[in-house]
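J.:
There are 2 protein chains.
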Amino acid sequence: MDKAKRKRLEARGWRVGTASDFLGLSAEEAALVEMKVSLSQALRARREARGLSQVALAKRLRSSQSRVAKMEAADQTVSIDLLLRGLVVLGATPRDIARVLGRDSGVAA
Amino acid sequence: MDKAKRKRLEARGWRVGTASDFLGLSAEEAALVEMKVSLSQALRARREARGLSQVALAKRLRSSQSRVAKMEAADQTVSIDLLLRGLVVLGATPRDIARVLGRDSGVAA
DNA sequence: TGCAGATATGTCAGAGGTGACATATACTGG
DNA sequence: CCAGTATATGTCACCTCTGACATATCTGCA
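Here the protein sequences line up with chains R and A, keeping their order.
By the working numbering, the letter at position 27 of the first sequence is numbered 22, and the numbering carries on one by one without gaps.
By the working numbering, the letter at position 36 of the second sequence is numbered 31, and the numbering carries on one by one without gaps.
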């Protein structure tokens, strides 16, 4: 990782470091991050499947393009609540969301 | 509903009224409320299954008994994020949570 | 009855998430 | 090349959620 990127990440509250530092993530934090990543991936997939731009989705959510981008990036400043609202606006039912959470996000724990 | 209760509810942001007013709940709002109720029920079930008091759970969550009570009541002031944190602290995995969301909460939509 | 433990409800100051804006980067057709 | 469209990133004022406290209700027990 280059120094500029590392600095940006740290400025946003991420702890950046070696693999053992990452293991410092408690099991609880890891589970929450895993869910957040799964939901953000599902959001992007649903939006693209409908041929909507981030601007179009933002409009339906009464939000902004930049927030949608952060949602899909599972940004630190985005809550799981907001991701769920996004999915629901795209037509996802609670069962659809359950399916998303039941699947593996592909991100190593 | 007596007037005092109605006033308290309205002060907290609930729209109180006739059945047709309730039908004004959009499908999106309904889906989110359904998930919230499912999660709050699962939280209480898990806590009780472990023989923990609300005070004991609050301690693990670094929160307070009153907030835990509101979580289990699916109070308006409680986010889904917080419910998920509670479940995870009680040992629920993302898959456990998926199972909870996949089930019917028993609350009419 | 009175006490102790558990849960419910109301309130509020402070922490953290949100929408909006500015700006940057990337891709595409002309 | 460049204009147009889509997405990414940084920042900030505003508003919601949160923890904590006070208090109320309920149950079981001595």
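For glycine and all other residues, C-beta sits at the position ideal for the given N, C-alpha and C.
Which parts of the segment 45 to 78 of chain R are runs of the alpha helix (DSSP H), unbroken and 4 residues or longer, counting only runs that do not cross its ends?
T.: 49 to 56 and 60 to 67
J.: Give a yes or no on whether 7 Å exceeds the smallest Cβ distance from Gly97(R) to chain A.
T.: yes
J.: Hey, does Glu23(A) have any beta-carbon neighbour from chain R nearer than 7 Å?
T.: yes
J.: Which residues in chain R have a C-beta closer than 7 Å to the C-beta of Asp76(A)? List them in chain order.
T.: Those are Ser74, Ile75 and Asp76, listed as they occur along chain R.
J.: Does the distance from the CB of Leu85(A) to the CB of Glu67(A) come in under 7 Å?
T.: With contacts defined as CB atoms closer than 7 Å, Leu85(A) and Glu67(A) fail to qualify as a contacting pair.
J.: Can the beta-carbon of Val32(A) be found less than 7 Å from the beta-carbon of Ser100(A)?
T.: yes
J.: Let's test the definition: count the other Cβ atoms within 10 Å of the Cβ of Arg45(A) and tell me whether it reaches 16, buried, or not, exposed.
T.: Counting every other CB atom within 10 Å of its CB across the protein chains shown gives Arg45(A) a total below 16, marking it as exposed.
J.: To the nearest angstrom, how far is it from the Cα of Arg98(R) to the Cα of Leu78(R)?
T.: 16 Å
J.: Apart from the five residues just before and just after Arg55(A), which ones in its own chain have a Cβ nearer than 7 Å to its Cβ?
T.: Val84
J.: Give the interface partners of Ala26(A) over in chain R, defined as CB-CB distance under 7 Å, in chain order.
T.: Result: Val83, Thr88 and Pro89.
J.: Less than 7 Å between CB atoms is the rule here; does Met66(A) satisfy it with respect to chain R?
T.: no
J.: For Ser127(A), is the classification buried or exposed, using 16 other Cβ atoms within 10 angstroms of its Cβ as the cut-off for buried?
T.: Missing from the structure shown is residue 127(A); chain A here goes from -4 to 104 and no further.
J.: Take the Cβ of Val50(R) as the centre, count every other Cβ of all protein chains shown within 10 Å, and call the residue buried at 16 or more, exposed below.
T.: By the neighbour-count criterion, in which 16 or more other beta carbons inside 10 Å mark a residue as buried, Val50(R) falls on the exposed side.
J.: In whole angstroms, what is the alpha-carbon distance linking Ala87(R) and Ile75(R)?
T.: Approximately 15 Å between the Cα atoms of the pair.
J.: Classify Ala22(R) as buried or exposed, calling it buried when 16 or more other Cβ atoms lie within 10 Å of its own Cβ.
T.: exposed
J.: What residue from Ala26(R), Ser59(R) and Ala25(R) has the CA that sits closest to Gly81(R)'s CA?
T.: Minimum Cα distance to Gly81(R) is reached at Ser59(R).
J.: Using 7 Å as the threshold, is the C-beta distance between Arg41(A) and Leu52(A) below it?
T.: Not closer than 7 Å, so no.
J.: On the three-state DSSP scale, how would you describe Val102(A)?
T.: coil
J.: Using a cut-off of 7 Å between C-beta atoms, extract the partners of Glu29(R) located in chain A.
T.: Pro89
J.: Please report the straight-line C-alpha distance between Arg62(A) and Ser61(R), rounded to a whole angstrom.
T.: 32 Å
J.: List, in order along the chain, the chain A residues whose C-beta lies closer than 9 Å to that of Leu34(R)?
T.: Neighbours of Leu34(R) on chain A: none; closest Cβ ~10 Å, over 9 Å.
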